[in-house]
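In my numbering, the protein residues as written are 1303 to 1649. Below you'll find the structure, written out as structure tokens, and then a few comments.
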Ligand code: CP3
């Protein structure tokens, strides 16, 4: 299929495609038995991310099963800190654990010169997925991704997942020069990483800023909008027309300013966003993506049906991509996902 006729790419370029294209955040993952089997065989998540043949297979699994319009590269936002030399492990049942960066020497010790070599397996995965999709699913668009600089810096400073991220937020307020040095390092590494994904065959790129919504407006501008704008500018200098999706999770009304200033063409709405509000508040030049509650998908049945329809009704006639408002939950039954794809395709 000619790239210009892939439904997801058309929507990412501003066309009101209907029924809307659909893919789901975390569509490759633990709810799929074929994913769990491969992760088990490889002996862990990070090993899976850095083994191109396996990561490519896992990326394509949900496309094969459900006919998704998008295939999101199987990797993680914490590959960038790891590629910068920060030790990372994924502890079973505990999530990611990094050696926390709390002071100037630790931040100065990051090694941007390592990124090209350490991230090389990820780029090889992208090449393999692109070739695999061309053979198996020619209408599906390959999405590369990275974390937003703020969210990645949150993990780098805190060292693990947290409800508050007090250490990075204190650094942002208390020593903004130091925090800016970290953000700048992450911006540069992230731009390099996204550009290399595009060079390897990613057709669109998404920036996940999961913790953006914790910040007051002036901090949101400084640590979410400005760094995103800097990443986008660097990517655009090399790939002027590649579609970019931004996900400033829990941004609330700041979604509008983000959509106007961050430079991305598509903005992803989180679960808490009212799609009818966003439809009017965000320019029709911007494609919206989202935002079904992952719990509605887990529940299935009439709840799933009515929640999905409400979003479709709010978005009809506008450039839109159906997705969840956050990642798929591991206990989600696979037939709920199949039912959702049917509902969207029949809309
Ligand atoms: O299918 C896809 O969406 C592609 C792959 C992908 C993963 N993580 C795989 C993954 C993507 C796009 C991400 C992004 C990511 N990673 C984000 C941003 C989006 C969001 O969810 O807010 C964040 C914050 C992370 C950091 C991260 N990685 C956490 C907090 C965890 C542990 C939580 C969990 O679900 O276990 C991970 C691990 C992770 N990343 C898994 C997967 C499939 C689970 C690993 C496993 O198999 O045990």
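Backbone N, C-alpha and C fix where the C-beta goes; we use that ideal spot for every residue, glycine too.
- Membership of residue 1416 in any alpha helix (DSSP H) is not indicated, and neither H nor E is assigned to it by DSSP.
- For the ligand CP3, no non-hydrogen atom lies closer than 7 Å to the CB of residue 1637.
- In this structure, the alpha-carbon of residue 1461 lies about 44 Å from that of residue 1304.
- In the DSSP secondary-structure assignment, residue 1391 is bridged to 1399.
- If you look at residue 1596, you'll find it isn't in any beta strand (DSSP E); it sits in the alpha helix (DSSP H) that goes 1596-1601.
- Residue 1518 sits exposed, since fewer than 16 C-beta atoms from the chains shown fall within 10 Å of its C-beta.
- Straight through space, the alpha carbons of residue 1433 and residue 1472 are spaced by roughly 45 Å.
- Under the DSSP definition of a beta bridge, residue 1591 partners with 1570 and 1623.
- One thing to note: residue 1459 has its Cβ within 8 Å of the Cβ of residue 1404.
- Apart from the 5 residues on each side of it in sequence, residue 1497 sits with its Cβ closer than 8 Å to the Cβ of 1536, 1537, 1540 and 1541 in its chain, given in chain order.
- With a cutoff of 8 Å on beta-carbon distance, residue 1357 and residue 1365 are scored as not near each other.
- A contact between stretches requires three or more CB pairs, one per stretch, nearer than 8 Å, and the segment 1465-1480 fails this requirement with the segment 1391-1401.
- Residue environment for residue 1371: buried (at least 16 other C-beta atoms within 10 angstroms of its C-beta).
- Of all alpha-carbon atoms in 1315, 1382, 1418 and 1328, the one lying nearest the alpha-carbon of residue 1502 is that of 1418.
- Within its own chain, the residues whose Cβ lies closer than 8 Å to the Cβ of residue 1625, once the five positions on either side in sequence are excluded, are 1324, 1325, 1326, 1327, 1570, 1591, 1592, 1593 and 1594, listed in chain order.
- Residue 1623 holds the alpha-carbon nearest to the alpha-carbon of residue 1646 among 1623, 1630 and 1636.
- At least one heavy atom of the ligand CP3 falls within 7 Å of the beta-carbon of residue 1327.
- Comparing alpha-carbon positions, the option among 1378, 1423 and 1611 lying closest to residue 1355 turns out to be 1423.
- With respect to residue 1564, residue 1534 sits close: the two C-beta atoms are nearer than 8 Å.
- Per DSSP, reduced to three states, the secondary structure at residue 1376 is coil, with no helix or strand assignment.
- Contact between residue 1375 and residue 1445 holds: CB atoms are separated by about 7 Å, below the 8 Å threshold.
- It is roughly 8 Å from the alpha-carbon of residue 1620 to the alpha-carbon of residue 1317.
- Minimum Cα-Cα distance from residue 1393 among the listed residues 1463, 1340 and 1385 corresponds to 1463.
- Note that the C-beta distance between residue 1350 and residue 1385 is not below 8 Å.
- Collapsing the DSSP output to three states places residue 1634 in coil.
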